[in-house]
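At position 21 of the sequence shown (counting the first as 1) the number is 32 in the working numbering, and the numbers step up by one without a gap.
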Amino acid sequence: GCGDGMKCSSGACSATGNAPGSIMADGSIYVDGTIYVMPYDQSSSAYWGTYTYTTGATSTTNGPGNQTNVYAHVIAGDGYGNPDDGYTPNAFVLCHDLTFGGHSDWYLPAKDELHTIITNSVAIGGFPSNSYYWSSSEYSIGYAWSERLSGGNQDYTKTSGYAVRCVRR
């Protein structure tokens with residue numbers, strides 16, 4: 012493996028500074044000026060939760076705010092598709108409970124943050140091309156935004172099983 016500020020390409024390490032895909036000392040991967048992503052998925056099929064309940068977490072840029080909001084509603088059991096309903100895993104619980112690289116402030120990325128990650132997915136690596144990923148941005152009472160590597164934001168039912176990749180700032 013390559014060290015902090017280094018990128019592996021065809022088995023060789025090269026200095027890239029803070030280019031998207033740079034592996035940080037804590038093991039996270041640099042995406043852009045504010046976002047660091049986990050090097051692997053936290054789930055290949057998690058529920059968003061709170062189906063039939065509106066959380067108001069509609070920000071497309073404030074992933075930490077959405078995470079705090081929706082996690083509280085998931086834990087409270089608002090709507091369904093939450094862990095206390097026997098449906099596991101839940102995307103927000105996975106990110107809330109994650110400790111990696113000495114950090115425990117991981118969250119589910121907002122729609123625009125997820126799009127930035129998808130845009131840089133080739134440099135970051137490790138994203139299955141056919142997988143949809145959840146964002147923390149709610150679309151409506153029963154739907155939330157997700158995105159797939161093959162392009163385009165989509166709104167899908169909160170009880171669909173989609174991949175989760177947690178991020179931190």
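Positions of the beta carbon are idealized from the N, C-alpha and C atoms, including for glycine. Keep in mind it's a predicted model, so treat the numbers as computed, not measured.
Check	Outcome
Same chain, Cβ closer than 7 Å to T170, neighbours up to 5 away in sequence not counted	Y58, Y62, G92
Alpha-carbon to alpha-carbon, Y167 and Y154	5 Å
Pairwise C-alpha distance: I34 and A68	30 Å
Other residues of its chain near S158: CB distance less than 8 Å, five sequence neighbours each side excluded	Looking at the sequence provided, one finds Glu at residue 158 rather than Ser. Answer for E158: K122, L125, H126, I129, Y143, Y144, S146, N164, Q165, listed in chain order.
Classification of N101 by the beta-carbon crowding that lies within 10 angstroms, buried from 16 upward	buried
Under 9 Å between C-beta atoms of S39 and H107	no
Collapsed DSSP secondary structure at D89 in the structure displayed	coil
Paired residues, beta bridge with E124 - DSSP	In the DSSP output, where bridge partners are listed per residue, E124 has none listed.
G22 burial status per 10 Å Cβ neighbour count (16 or more: buried)	Confidence is the limiting factor: at G22 the pLDDT is only 44, short of 50, which leaves the residue's position unreliable and the question unanswerable from this model.
For N77, the three-state DSSP class (helix, strand or coil)	helix
Extent of the continuous beta strand (DSSP E) to which D166 belongs	164-168
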